[in-house]
Structures are given as structure tokens and as C-alpha cells.
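Numbering (the working numbering), first residue to last: 17 to 103. What follows is a set of notes on a single structure, which appears directly below.
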């Protein structure tokens with residue numbers, strides 16, 4: 017799962033919660049809008065599930081970057097050896 021996928025899931029879930037008056041009371045302005053207690057409970061549960069996904073996505077990103085660096089270095093070394101062999 018990518019960071020982008022996690023962001024999309026989080027945005028989508030919050031958007032859906034905010035549309036439901038059971039979870040979010042929408043007043044005539046932002047000052048009079050609020051999350052209901054049941055909405056707070058759902059958001060907490062959502063974050064409890066999303067945070068591990070965020071961690072996995074971040075770890076995958078770091079691993080992918082490390083692989084790119086290693087593979088790039090190995091390719092550069094192989095190119096040098098090939099160039100030396102050609103001479």
C-alpha cells in the first residue's frame with residue numbers, strides 16, 4: 017500500500033463521516049459545527065486502523081528508496097568494470 021492510497025482512504029473515510037449527522041453536526045458556520053461523541057469514537061477507531069497502514073507505507077517507501085540507491089550504485093560499479101574490461 018502506498019502513502020497516496022492511505023491518504024485517499026483517510027480522506028474518504030473522514031468525508032463520509034462528515035456527511036452523516038450522527039457523527040458530525042454541521043452548523044450554519046464552522047464555529048457552530050462539531051464532531052458528535054459517536055463521531056469521535058469512529059474517528060479514533062479509524063486512526064487506530066490507519067496509523068499502522070501509514071507506518072507500513074512509510075517503511076515500504078524507505079525500503080524502495082534504499083533499493084534504488086543500492087541498485088544504482090551496483091549498476092554504476094558494473095558499468096565501471098565493463099568499461100575497464102573494454103580497454
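We put the CB at the ideal spot given by N, CA and C, even for glycine.
Segment contact: the region 39-50 against the region 86-100, fewer than three CB-CB distances shorter than 8 Å; contact not assigned.
Taking 8 Å as the upper bound for CB-CB distance, residue 84 and residue 19 are not in contact here, some 16 Å apart. Just so you know, the alpha carbons of residue 80 and residue 41 end up roughly 42 Å apart.
When the Cα atoms are used, residue 38 and residue 30 turn out to be separated by approximately 13 Å.
Excluding five sequence positions before and after residue 54, the CB atoms of its chain that fall closer than 7 Å to its own CB belong to 38 and 39, given in chain order.
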